[in-house]
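For the protein sequence lines, the chains are A and B, in the order given. The numbering used here numbers the first residue of the first sequence as 15 and each following residue consecutively. The numbering used here numbers the first residue of the second sequence as 15 and each following residue consecutively. Let me begin by presenting the structure, written as structure tokens, before commenting on it.
There are 2 protein chains.
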Amino acid sequence: MDIETVAAAAASAAGPCAAVSPPERATALVAVAAALESAASRLIPIAIAETGLSKDRLEVEMRRTCGQLRLFAEVVVDGAHLDARLDAADGAYVIGARPDVRRVLVPVGPVLNFAASNFPFAFSVAGGDSASALAAGCPVIVKAHPGHPELSRATAELVARALVAADMPDGTFQLAEGEEAGVGLLTDDRIRAATFTGSLRAGRMLAEIAAARPRPIPFFGELGSVNPVYITPSAARAETDLAAGFIDSVSGSAGQLCTKPGFLFMPRGAELDEIGEHARRVTEHRMLNGHVGAGYMARRSTVLATPGVTVLAQGSSRQDADGEWYATPTIVAVDAETLRKHRRELLDECFGPLAVVVRYDALTELAGLQRELFPGNLAGTVHATRGESGEIQPLIAALADTCGRVLFGGWPTGVSVTSAMQHGGPFPAATIDATSVGTAAITRFLRGVAYQNAPQELLPPPLRDDNPWGVPQRRGPVGTSSRWGTLTGSI
Amino acid sequence: MDIETVAAAAASAAGPCAAVSPPERATALVAVAAALESAASRLIPIAIAETGLSKDRLEVEMRRTCGQLRLFAEVVVDGAHLDARLDAADGAYVIGARPDVRRVLVPVGPVLNFAASNFPFAFSVAGGDSASALAAGCPVIVKAHPGHPELSRATAELVARALVAADMPDGTFQLAEGEEAGVGLLTDDRIRAATFTGSLRAGRMLAEIAAARPRPIPFFGELGSVNPVYITPSAARAETDLAAGFIDSVSGSAGQLCTKPGFLFMPRGAELDEIGEHARRVTEHRMLNGHVGAGYMARRSTVLATPGVTVLAQGSSRQDADGEWYATPTIVAVDAETLRKHRRELLDECFGPLAVVVRYDALTELAGLQRELFPGNLAGTVHATRGESGEIQPLIAALADTCGRVLFGGWPTGVSVTSAMQHGGPFPAATIDATSVGTAAITRFLRGVAYQNAPQELLPPPLRDDNPWGVPQRRGPVGTSSRWGTLTGSI
């Protein structure tokens with residue numbers, strides 16, 4: 015892998031990629047989805063072998079991956095994401111004549127996506143970051159995750175072939191492998207944006223590299239989240255399936271999900287035995303790789319050794335003779351005071367099937383706890399009963415201030431790919447508070463360009479009067495009245 | 015000025031500010047505009063004394079400042095900037111049931127604006143950054159520019175009083191003075207975004223401070239631009255007012271504008287004498303302050319001492335007995351090869367009334383020159399004649415790739431405040447490629463929050479079914495067909 019060749023190919027593809035018409039680009043995205051689907055029975059066994067994730071889970075993930083490629087195809091054709099704004103020239107403004115100004119969002123150029131280990135399809139080579147960057151009109155380089163190299167190569171070959179067959183420009187899609195290549199590309203001036211899903215340590219390091227470039231670029235990192243869940247006293251009494259739902263969410267995919275609920279706030283006195291019982295019924299699950307397995311063992315040991323921690327389910331973490339790691343859920347309980355006192359030991363994300371139940375005294379303390387202990391998360395959840403809206407309002411406000419998504423009931427895992435999804439949040443949930451799931455993810459790879467007094471034939475299609483792409487055009491400024499004015503004077 | 019008190023007040027105001035209804039917030043913005051207007055005759059003389067800018071220019075700037083406050087009032091009431099998306103629950107998706115998900119953009123929290131020296135109204139205390147942040151629903155702290163301290167204090171007092179009278183929360187608007195306070199606030203965890211307009215050196219330093227915080231924040235800096243203008247051979251022959259227009263744009267406000275055309279590309283053989291003549295007719299103009307004056311003198315000396323530079327107008331740069339700096343326009347000419355060879359001496363922005371005329375041989379070389387020499391600019395301009403659209407297309411593409419705004423005819427100074435304006439561009443024009451002028455500037459201070467299965471009474475108003483604020487709501491995902499699916503499974 016020669017960084018220079020890869021970066022040069024991506025840079026050469028930038029102009030041609032941006033020029034591909036929406037229907038052609040949409041067709042290419044659908045072609046990638048179709049290619050993935052037809053290769054699913056070949057790819058999924060590789061994914062199982064390399065990640066230890068289950069066939070069921072990977073089949074669902076594959077469908078999500080293909081579904082979001084098709085969703086972005088529809089976004090591309092719809093064109094609302096281009097935010098086309100047309101302000102006609104107007105000589106009648108009170109302050110002075112105004113030129114014709116039209117603004118559209120255009121692709122930023124080559125995008126570098128660092129793949130995640132825990133979603134070998136949906137957050138990897140052909141995942142949401144690639145789909146949204148391709149949809150935006152950007153060439154994509156994926157830095158493969160070392161946890162599933164064979165799958166990454168097989169997927170990349172398939173994606174690249176489908177794009178070529180769909181007449182996308184050479185260099186539209188490339189794979190890079192190895193840390194050196196990743197950092198080398200991240201510092202290459204031709205790369206214009208980067209995405210990352212992974213650990214706080216690695217993400218922070220890469221974000222700082224991106225910020226220190228001679229020409230810095232946006233680095234969209236998703237670095238960690240513990241996704242607290244709050245159960246009101248009424249809900250604790252009324253809901254019969256809390257323990258089962260919680261343990262399912264904590265232990266699915268061995269807890270190796272960015273939206274795993276790491277903390278469950280339960281009123282003091284609520285029965286916790288059932289949680290332990292459900293946890294003990296969960297069978298052993300392989301961990302993604304040695305790095306994750308060893309990291310989980312260390313975090314779990316720290317939590318278990320913290321004074322004031324009560325064990326609800328001891329769980330296990332072990333390495334077999336082949337070097338693979340396995341785990342069953344570990345669930346502990348603490349009171350809020352212990353959590354405050356031992357925040358260093360307890361608050362960091364534990365990537366794996368471990369969760370902390372926190373006993374609280376009064377509903378009124380929860381908003382403050384959320385703000386104090388969980389300033390940046392992907393998701394926050396409240397289980398309440400009808401009639402409690404007034405009492406939980408401060409907690410909801412605290413969650414909205416500190417999380418990308420606020421759930422009422424249910425569990426934070428199982429992120430829907432829809433136009434309204436937000437998968438981001440204040441740092442460290444995200445380095446830049448954008449979303450990496452749902453159609454708004456495309457905005458990460460767009461920048462505004464205004465055209466002033468341009469002749470029709472030199473305007474990009476979304477800004478032309480005849481609107482050949484049929485995109486939504488917002489005509490006229492928000493304020494055309496004489497209540498405000500615009501200037502074309504000497505400043 | 016106690017940083018702790020200021021940051022605490024801003025943080026306390028964040029929730030109440032976000033909760034102010036659109037009509038109330040719009041009324042407050044209009045009240046600030048009215049207060050500025052009624053104080054104009056008192057403020058403008060202070061501005062003249064502190065900045066050396068002319069009365070005419072400052073009157074126009076005052077009208078723009080008030081106009082953009084009113085424009086943002088209309089944006090707030092319109093509500094399109096909230097990008098409200100409502101995806102109804104749907105059990106009929108091919109892959110599985112989907113929850114109700116609704117997403118809206120919410121204010122990021124306290125914003126710190128570093129004021130500029132060159133627009134004491136429009137990019138200072140009550141300028142576009144403050145207007146757009148207040149419109150977004152964020153408390154604002156302005157770090158005063160030391161170039162106009164008395165004006166900053168007078169304006170801030172007036173703005174704060176108008177906001178209080180309009181019932182905005184305590185702490186909505188504050189002024190901070192001094193570099194130590196600015197850096198102290200920039201590193202304070204309660205500040206959630208910052209803006210800056212100024213030099214590459216200072217902006218880069220502050221951007222790195224923002225990126226190195228324990229919790230990094232977006233730093234929207236506008237750090238410099240040279241705004242090249244390209245004249246085709248036909249336009250050079252056809253346009254009779256090129257020299258006058260160019261010199262007006264270069265010398266207005268003593269060239270101390272971010273959109274001043276620093277480079278003018280003219281075909282070899284075109285007459286340049288008239289440019290020199292116009293330049294020599296411009297009367298001396300005071301520079302903003304000693305820092306700018308001394309910096310201009312140094313840059314001018316470097317340019318004049320560069321081998322291969324021909325002087326079209328020598329101009330002047332001098333300091334009087336009171337320490338004030340004055341200048342008349344300096345215009346030089348080079349050929350493209352000299353520009354390439356001496357890029358270190360010639361390419362940096364020269365903040366003041368200096369411009370470089372570049373002689374080129376063929377229209378076909380211009381796109382390459384733009385990409386090679388000017389990778390990040392606020393504006394790029396082309397003067398061409400009808401019928402040249404085909405020939406200039408590569409240059410237009412190069413300008414769109416490297417500038418925030420592409421002009422056809424005219425001059426880059428005189429930025430209209432409209433919904434379609436883009437005042438940003440690739441680095442170093444902007445640290446993050448957003449716009450600081452026009453209504454899209456509001457998006458810098460917003461972040462997405464999704465609500466999943468929320469009861470109506472706990473949804474923010476823009477997401478409610480009864481839509482009490484009457485904002486545009488985008489209902490249903492882009493893809494509701496069975497061509498794609500969404501997941502609420504185990505991942």
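Glycine included, C-beta positions come from ideal geometry on N, C-alpha and C.
CB Leu477(B) to CB Leu100(B), shorter than 8 Å? By 1-based counting over the second sequence, the position of residue 477(B) is 463. By 1-based counting over the second sequence, the position of residue 100(B) is 86. In contact: Leu477(B) and Leu100(B) (Cβ atoms closer than 8 Å).
So which residues on chain A does Ala467(B) lean against when the C-beta distance must stay under 7 Å? In the second sequence, the residue the question calls residue 467(B) occupies position 453. Here residue 467(B) turns out to be Asn, not Ala, going by the sequence shown. Near Asn467(B) (Cβ distances below 7 Å), the residues of chain A are Leu421, Phe422, Gly423, Gly424.
Kindly list the residues whose CB is nearer than 6 Å to the CB of Phe233(A), restricted to its own chain and excluding five residues on each side of it in sequence; keep chain order. Against the first sequence, residue 233(A) aligns to sequence position 219. Same-chain partners within the cutoff: Ala208, Ala221, Ala224, Thr445.
Could you give the DSSP three-state label for Glu236(B): helix, strand or coil? Translated into positions along the second sequence, residue 236(B) becomes position 222. Strand, per DSSP.
Cβ pair Pro482(B), Pro474(B) closer than 8 Å: For the purposes of this step, residue 482(B) is identified with residue 468 of the second sequence, where counting begins at 1. For the purposes of this step, residue 474(B) is identified with residue 460 of the second sequence, where counting begins at 1. No, the pair does not count as a contact, with Cβ atoms beyond the cut-off.
Using beta-carbon positions only, say whether Pro573(A) and Gly238(A) come within less than 8 Å of one another. A query on residue 573(A) cannot be resolved here, the shown segment of chain A reaching from 15 to 505 and no further.
Taking the CB atoms as reference points, tell me whether Val89(B) and Val139(B) lie closer together than 8 Å. Position 75 of the second sequence, counted from the first residue, corresponds to residue 89(B). Position 125 of the second sequence, counted from the first residue, corresponds to residue 139(B). Taking 8 Å as the Cβ cut-off, Val89(B) and Val139(B) do not qualify as a contacting pair.
Taking DSSP as the reference, what is the three-state secondary structure of Ser315(A)? The residue given as residue 315(A) occupies position 301 in the first sequence. Ser315(A): helix per DSSP, three-state reduction.
Are the region 458–468 of chain B and the region 115–134 of chain B in contact at 8 Å, needing three or more beta carbon pairs? yes
Return no unless some Cβ of chain B is closer than 8 Å to the Cβ of Thr432(A). Here the question's residue 432(A) lines up with position 418 in the first sequence. Chain B contact via Cβ: present.
Taking DSSP as the reference, what is the three-state secondary structure of Thr445(A)? Indexing the first sequence from 1 puts residue 445(A) at position 431. Three-state result, Thr445(A): coil.
Within 9 Å of chain B by C-beta, residues of the region 324–355 of chain A in sequence order: none
For Ala49(A), which residues from the same chain have a beta carbon less than 8 Å from its beta carbon, with the 5 sequence-adjacent residues on both sides left out? Position 35 of the first sequence, counted from the start, is the residue given in the question as residue 49(A). Only Leu172, Val173, Arg175, Ala176 meet the Cβ criterion.
Just the chain B side, please: which residues come within less than 7 Å of Ser403(A) by C-beta, in chain order? In the first sequence, the residue the question calls residue 403(A) occupies position 389. Going along chain B in sequence order, the residues near Ser403(A) (Cβ under 7 Å) are Pro469, Glu471, Leu472.
Under 9 Å Cβ-Cβ, which residues of chain B neighbour Thr535(A)? As displayed, chain A neither begins before 15 nor continues past 505, which places residue 535(A) out of reach and without an answer.
So what's Ser504(A) in DSSP terms, helix, strand or just coil? Here residue 504(A) refers to the residue found at position 490 when the first sequence is read from its first residue. Bear in mind that the predicted position of Ser504(A) carries a pLDDT of just 33, short of 50, making it too unreliable to give a figure here.
Cβ of Gly276(A) within 8 Å of any chain B Cβ: Here residue 276(A) refers to the residue found at position 262 of the first sequence. Not an interface residue.
How would you write the range of the alpha helix (DSSP H) that Leu119(A) sits in, first residue to last? Walking along the first sequence from the start, residue 119(A) turns up at place 105. From DSSP, Leu119(A) is part of no alpha helix (DSSP H) but of the beta strand (DSSP E) over 115–121.
Any C-beta of chain B within less than 8 Å: which residues of the region 293–323 of chain A qualify? none
Coarse secondary structure for Phe260(A), derived from DSSP in three states: As a working mapping, residue 260(A) is identified with position 246 in the first sequence. Helix at Phe260(A).
Rounded straight-line distance, which links the Cα of Gly366(A) to that of Thr574(A): An answer regarding residue 574(A) cannot be provided, because it is not within the stretch 15 to 505 covered by chain A.
Which word fits Pro124(B), buried or exposed, when buried means at least 16 other C-beta atoms lie within 10 angstroms of its C-beta? Stepping through the second sequence from its first residue, residue 124(B) is reached at position 110. Buried, by the Cβ-count rule.
Please report how far the alpha carbon of Arg227(A) lies from the alpha carbon of Arg227(B), in whole angstroms. Walking along the first sequence from the start, residue 227(A) turns up at place 213. Walking along the second sequence from the start, residue 227(B) turns up at place 213. Between Arg227(A) and Arg227(B), the C-alpha separation is close to 17 Å.
CB contact check: Thr445(A) to chain B, cutoff 8 Å: Reading the first sequence from its first residue, position 431 is the one you call residue 445(A). Yes, because at least one Cβ of chain B sits closer than 8 Å to the Cβ of Thr445(A).
Give the residues from the region 186–206 of chain A that approach chain B closer than 9 Å (Cβ to any Cβ), ordered along the chain. Asp203, Arg206
Opposing strand residues paired with Val463(B) [DSSP bridges]: One-based indexing of the second sequence puts residue 463(B) at position 449. For Val463(B), which the question treats as bridged, DSSP gives the partners Val118(B).
Return the first residue and the last residue of the beta strand (DSSP E) that Val178(A) is part of. Counting from one through the first sequence, the residue named residue 178(A) turns up at place 164. Element bounds for Val178(A): not the beta strand (DSSP E) but the alpha helix (DSSP H), 163–179.
Please tell me whether Ile345(B) and Ala369(B) are closer than 8 Å, where the distance is taken between their beta carbons. Along the second sequence, read from residue 1 onward, the residue named residue 345(B) stands at position 331. Along the second sequence, read from residue 1 onward, the residue named residue 369(B) stands at position 355. The answer is yes: Cβ separation under 8 Å.
Would you say Val451(B) touches the ligand SAM, meaning its beta carbon is less than 7 Å from a heavy atom? Of ligands this structure carries none, so the ligand SAM is not represented either.
Contact belief for Val372(A) with Leu353(A) at Cβ below 8 Å, rounded distance in angstroms: Position 358 of the first sequence, counting from 1, holds the residue named residue 372(A). Position 339 of the first sequence, counting from 1, holds the residue named residue 353(A). Their Cβ separation, rounded to whole angstroms, is 6 Å, which keeps Val372(A) and Leu353(A) in contact under 8 Å.
Of all Cβ atoms in chain A, is any one closer than 8 Å to the Cβ of Pro124(B)? Here residue 124(B) is taken as the residue at index 110 of the second sequence, counted from 1. Not an interface residue.
Are the C-beta atoms of Glu222(B) and some chain A residue less than 8 Å apart? On the second sequence, position 208 is the one that residue 222(B) refers to. Cβ-Cβ to chain A under 8 Å: yes for Glu222(B).
According to DSSP, simplified to helix, strand and coil, what is Thr478(A)? Residue numbering aside, residue 478(A) sits at position 464 when the first sequence is read from its first letter. Before going on, a small fix: residue 478(A) reads as Arg here, not Thr. In this structure, Arg478(A) counts as coil in the three-state DSSP scheme.
Considering Cα atoms alone, identify which of Ala22(B), Gln333(B), Ser213(B), Gln407(B) is closest to Glu363(B). Mapped onto the second sequence, residue 363(B) falls at position 349. Out of Ala22(B), Gln333(B), Ser213(B), Gln407(B), Ser213(B) has the C-alpha closest to the C-alpha of Glu363(B).
Near Ile505(B), which residues of its chain fall below 6 Å by C-beta distance, leaving aside the five closest residues on each side in sequence? What you label residue 505(B) is simply residue 491 of the second sequence in a count that begins at 1. Caution applies to Ile505(B), whose pLDDT of 38 falls short of 50 and renders its modelled position unreliable; the value that the coordinates give is listed next. Around Ile505(B): no qualifying Cβ.
For Gln470(B), count the other beta carbons within 10 Å of its own beta carbon; 16 or more makes it buried, fewer makes it exposed. Which is it? Residue 470(B) sits at position 456 when you count from the first residue of the second sequence. It is exposed - the Cβ of Gln470(B) has fewer than 16 other Cβ atoms within 10 Å.
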